[in-house]
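Trainee: The structure follows.
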Amino acid sequence: MKVLIFICGEGLGHTSRCIALGRELLAAGHEVYLGAYGYSKEFIERKGYKTVEIPPEIKLVGESGSLNLKRSIISTLKNGNIFAVFKVLSLLKEKKPDIVVSDSYFTGIVASKVRGIPVYLIVNQSNMETFFKEGGIALRTMGGVIKQFYNCIFRRVDRIIIPDFPMPYTVCRLNLAFEEKVSKNLFFSGPLTLEKFSDVKAEVLQKPHVLSLIGGFGYREPIFRKVIEVAKLDKNINYTLLSGPNLNPEIFSNLPENVTIEHFINDQFPYLKASDLVIAPGGHSTIMEALTFGVPVLSFPDMNHSEQESNATVIELEGYGRRLDYNASPEEILRSIRELLKNEKIHQKVETMKNLSKDLNATATFKELLESNSKISQKI
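Sequential numbering from 114 applies to the sequence shown in our numbering.
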């Protein structure tokens, strides 16, 4: 079976779960192409996998912890390529895949349907119009148009894969709003994580240990700095902070002895397995990784980012962690950290989610789903 996987490059969450699926397919002897762009493409190649370059779709812009929707739209339009679909059509003609998997990359879906190729869509949000609900008339109108477009896509794909726990445990459930006839085509695979708990050797870290994954976009820097201030208030709690590709750790001086800053870790899972708590934004894939490894989450969702805010809300509601915002004081953050480190009920809940993730075995299940489709196609 020849599979082409299209990846939305905004955020490495899409990328990591597609690598996990691609690796599973490769191990089963299938031919796999990973279509990506930007730092997503670079990340895949650092992991040792070959890529094919695809045109970018969206560009997210923000500052001071907040997603700026208007600037993101302008940036996306400026960087847009009206010939993108033709480039993707050409790629499909060249590779001739039996099946296409698209992780929130909609140009790939349109082109695949034109070519008559079966398409499986990976998505953890179907109500994207909520990004536009607080805007003016023009933005709300645009949100309505986008809703119609996505609903059209949802009706036409062969299957929609939700890379999350099945209901009622679904973390992204507040971001899902499908038409009834589309809902019958959903498949909850479980978390598509890059590593499995049993395959990872834990890093040796001083306990208790908090892993901060607040990095990446420059507009997250304020909370990154605040975590350092929190660490100074209680030297008995140890921290590893991943600064991400856009934040140079050398700009920070006078760090307390209980804080280590890493510019970039090629494999964060040994740190995750050794940690007692994860501090993260509200990104879906990061939350899935934390729960798969049985680690509570202290979430700081990006402001005005409705998808992240909804994920963080569910984390709080289900008792998998806590949600705070960028205005939280260092003292308030420390209180939440202390509570999450000692709360046995929360640790029992995330341990349950870890075991459920193991039972679901998402990458193997997804692979079998694709293989089943391929066999049906061959019979036809």
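The beta-carbon is built from N, C-alpha and C at its ideal position, and this holds for glycine as well.
Below 6 Å CB to CB, which residues in the same chain sit around Cys-131 once its five sequence neighbours on both sides are set aside?
Mentor: Within the same chain, Cys-131 has close Cβ partners Ile-118, Ile-120 and Asp-216.
Trainee: Specify, as a first and last residue, the run of the beta strand (DSSP E) that Ile-118 falls within.
Mentor: 115 to 120
Trainee: For Leu-454, I'd like the list of residues in its chain whose CB is within less than 7 Å of its CB, leaving aside the five on either flank, ordered along the chain.
Mentor: Pro-321, Asp-389 and Leu-390
Trainee: Output the distance between the C-alpha atoms of Lys-297 and Leu-411, rounded to the nearest integer angstrom.
Mentor: Using only the alpha carbons, I get a separation of about 34 Å.
Trainee: Provide the residue span of the beta strand (DSSP E) that contains Arg-272, from first to last.
Mentor: 272 to 275
Trainee: Does the distance from the C-beta atom of Asp-438 to that of Pro-414 stay below 9 Å?
Mentor: For Asp-438 and Pro-414, yes; Cβs fall inside 9 Å.
Trainee: My understanding is that Ser-398 touches Leu-287, with C-beta atoms under 8 Å, so please give their C-beta distance in whole angstroms.
Mentor: In fact, because the Cβ distance is near 17 Å, the residues do not count as touching under 8 Å.
Trainee: Under the rule that 16 or more other beta-carbon atoms within 10 Å means buried, what is Thr-306, buried or exposed?
Mentor: When all chains shown are included, Thr-306 counts as buried.
Trainee: Got a sec? Which residues, its chain only, sit under 7 Å from Gly-126 by beta carbon, not counting five neighbours each side?
Mentor: Gly-396, His-397, Ser-398 and Thr-399
Trainee: Rounding to the nearest angstrom, what Cα-Cα distance links Phe-337 and Ile-446 in this structure?
Mentor: 12 Å
Trainee: Which of the three DSSP states, helix, strand or coil, is assigned to Arg-184?
Mentor: Here the model assigns Arg-184 a pLDDT of 46, short of 50, so the residue's position is not dependable, and the following value carries that caveat. The answer is helix: DSSP assigns Arg-184 an H, G or I state.
Trainee: Provide the residue span of the alpha helix (DSSP H) that contains His-322, from first to last.
Mentor: Premise fails: His-322 lies in the beta strand (DSSP E), 322 to 325, not in any alpha helix (DSSP H).
Trainee: Using 8 Å for Cβ pairs, my map puts Lys-154 next to Glu-170. What's the rounded Cβ distance?
Mentor: Contact flag wrong, Cβ pair sits at about 14 Å.
Trainee: Confirm, please, whether the CB-CB distance from Lys-467 to Thr-405 is below 9 Å.
Mentor: yes
Trainee: Any chance the segment 368 to 387 sits against the segment 275 to 286, with 3 or more Cβ pairs inside 8 Å?
Mentor: In short, these stretches do not touch, since the Cβ pair count stays below three.
Trainee: Since Ser-152 is in the alpha helix (DSSP H), which residue starts that stretch and which ends it?
Mentor: Position check: residue 152 holds Tyr in this sequence, whereas Ser was assumed. Note, Tyr-152: alpha helix (DSSP H), 151 to 159.
Trainee: Taking the alpha carbon of His-418 as the reference point, which residue from Val-463, Tyr-150, Met-241 and Lys-386 has its own alpha carbon closest?
Mentor: Minimum Cα distance to His-418 is reached at Met-241.
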